[in-house]
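All remarks here apply to the structure that follows.
Printed below as a string of structure tokens:
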């Protein structure tokens, strides 16, 4: 048997007392050690007289010198050893941090193996400090990068076009393309005539895969229209000044509007050449797919909260039952459509069983909120694991069940359709949006592709400090120095 592990709580005294007052609970600890600020006498012992006089004339520097860590920063800035006189008169405070930064960078870069040049590192740290000041952040997490960190509206629209039009078009092609093939190869063998007609009109009838190419274009067109709705809504939230606050009511209205536009953009063209029922199903699939992938799981309602963090997957029986019932209802409706065309072509109860089970698996998976991060970009790693797990958990049963009850080819298409949808809802979408944002920031030369490596190097240079999976400047005055446009 093993006893309880030892635990040490380290925090600011004011933060601990505030938590006790708010929660009404005090931790039962065996002891406590209060680390007090350095006294005036201790500071004078560590600094030569000219530098001590500068520190005591500046309230901000005096507060900084009361910490042993930041007092060491002051000594590094002037290359002063304890007990030795300063080699030159102390500079003004504005120049003190510049000397500290040059000193620590020269020392660390002298060791070699630097990921970037000194100028590039300081430029990226200046950008990071300004963004942290603008977003009122003291700890930076890579996975919490948002489109609001982009330079201007032009770059934010570029993000929206890639994340809300191109990405859904690619994922929608896999889902909707699988559905189109399923209804084509199974009784009553429904063809989507619109795809062939549009391919002929565009002169693509000789190209292999022309149906998929046209379907991709249709999804992209629907995504572009819905992106306009999303972009206008995000811009309106930004002008209102409440973009950092989640407003689920307004976000729900916006989501319904964007999904509705996407659904209509698919339904109306298809209705010109195919039955109204088929057009309604394809339009509904486009709207539902957009609502699921950008909806309650990972949608943030503004540029400041667009990319959401999720913790590991968990199982919800309630959601599974609700989604399972919805899947059975959709299956019954589709079986009715097929029965009207060919009463002998479909087994309604078998379709209901298959679809109900698949939707049960799809809906039962849910994400819990990510509580803490132990490594840089941990949230995106969890999103990737969630997506792969959701894909396997839903796609494998879909392939096996449909292959046994229908045929193997139908099983493959069903597995692709359900697995991609589940993986998108539970992580692929978040990964895609994060990757698009990182590429745009890299294109603007504001972050590196291997950003964690650069930030780790800045921590080795004693400019940043690692806090779990995040980073913070070693002192708020150092962050203010980098954020200053004159730095």
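In the working numbering, the protein residues as written are 2 to 488. A virtual CB, placed ideally from N, CA and C, is assigned to each residue, including glycine. Remember, it's a predicted structure, so these values are computed and weren't measured experimentally.
On the criterion of 16 or more Cβ atoms from any shown chain inside 10 Å, does residue 324 qualify as buried, or is it exposed?
Buried, because 16 or more other Cβ atoms sit within 10 Å of the Cβ of residue 324.
Would you say the beta carbon of residue 479 is closer than 7 angstroms to some non-hydrogen atom of the ligand NAP?
Absent from the structure shown: the ligand NAP. Ligands present: none.
Taking the alpha-carbon of residue 231 as reference, which of 45, 291, 71 and 334 has the nearest alpha-carbon?
291
How would you label residue 139, buried or exposed, when you count the other beta carbons within 10 angstroms and need 16 or more for buried?
Flag for residue 139 reads exposed.
Go to residue 452, then tell me how far its alpha helix (DSSP H) extends in each direction, as first and last residue.
452-461
For residue 418 and residue 176, which I take to be in contact (beta-carbon distance under 8 angstroms), what is that distance rounded to the nearest angstrom?
5 angstroms
Based on the DSSP secondary-structure assignment, which residues constitute the bridge partners of residue 41?
Answer by DSSP bridge pairing: none, since residue 41 is not bridged.
In the DSSP assignment, what residue or residues form a beta bridge with residue 315?
367
Leaving out five residues on either side along the sequence, give the residues of the same chain with a beta carbon under 7 angstroms from the beta carbon of residue 170.
217, 220, 221 and 224
Should residue 207 go down as buried or exposed, given a rule of 16 or more other Cβ atoms within 10 Å for buried?
exposed
So for residue 304, helix, strand or coil by DSSP?
coil
Can you tell which of 477, 318, 308 and 226 has the C-alpha that lies nearest to the C-alpha of residue 288?
Comparing alpha carbon positions, the residue from 477, 318, 308 and 226 closest to residue 288 is 226.
State buried or exposed for residue 107, treating a residue as buried only when at least 16 other CB atoms are found within 10 Å of its CB.
exposed
What number of angstroms, rounded off, separates the C-alpha of residue 62 from the C-alpha of residue 56?
5 angstroms
Helix, strand or coil for residue 205, going by three-state DSSP, please let me know.
coil
How many whole angstroms separate the CB atoms of residue 423 and residue 366, which I take to be in contact at a CB cut-off of 8 angstroms?
The pair is a contact, with the Cβ atoms about 7 angstroms apart (cut-off 8 angstroms).
Closest to residue 448 by C-alpha separation, out of 26, 135 and 152, would be which residue?
152
Could you pull out every residue in the same chain whose Cβ sits closer than 6 angstroms to the Cβ of residue 377, ignoring the five residues on either side in sequence?
Answer for residue 377: 143, 453 and 470, listed in chain order.
Does the distance from the CB of residue 429 to the CB of residue 460 come in under 8 angstroms?
Result no, Cβ atoms of residue 429 and residue 460 do not sit closer than 8 angstroms.
Taking DSSP as the reference, what is the three-state secondary structure of residue 434?
Annotated three-state conformation of residue 434 is helix, per DSSP.
Do the region 110-120 and the region 395-410 meet, that is, are 3 or more Cβ pairs less than 8 angstroms apart?
Two segments are said to touch when three or more pairs of C-beta atoms, one from each, lie closer than 8 angstroms; by this definition the region 110-120 does not touch the region 395-410.
For residue 474, report the span of its beta strand (DSSP E) as first-last.
It spans 471-474 - the beta strand (DSSP E) in which residue 474 sits, taken as one unbroken run.
Assuming the contact rule is C-beta atoms closer than 8 angstroms, residue 69 and residue 39 should be a hit. Round their C-beta distance to whole Å, please.
Going by Cβ atoms, the distance from residue 69 to residue 39 rounds to 7 angstroms, so yes, they are a contact pair.
Check the C-beta distance from residue 1 over to residue 116 and give it rounded, since I have them as a contact under 8 angstroms.
With the chain covering 2 to 488 only, the question about residue 1 has no answer from this structure.
Alpha carbon to alpha carbon, how far is residue 75 from residue 97? Give it in angstroms, no decimals.
8 angstroms
Between which residues of its own chain and residue 10 is the CB-CB distance below 6 angstroms, once the five residues before and five after are set aside?
none
Is residue 464 helix, strand or coil by DSSP?
In the three-state reduction of the DSSP assignment, residue 464 falls in the coil class.
Work out the CA separation of residue 397 and residue 390 for me, nearest whole Å.
11 angstroms
Can you name the residues that DSSP bridges to residue 141?
472
In terms of alpha-carbon separation, which member of 126, 73, 385 and 160 lies closest to residue 456?
126
Which value, in whole angstroms, describes the spacing of the CA atoms of residue 27 and residue 20?
9 angstroms
Distance check for residue 480 and residue 1, CA to CA, integer angstroms please.
Since the first residue shown for the chain is 2 and the last is 488, residue 1 is missing from the structure and cannot be characterised.
Please list the terminal residues of the continuous alpha helix (DSSP H) segment that includes residue 387.
Here the alpha helix (DSSP H) through residue 387 covers 379-406.
Quick check on residue 35: does DSSP put it in helix, strand or coil?
coil
Can you tell which of 458, 356 and 251 has its C-alpha closest to the C-alpha of residue 119?
458
Cβ of residue 15 less than 8 angstroms from any chain C Cβ?
Of the protein chains in this structure there is only one, and it is not chain C.
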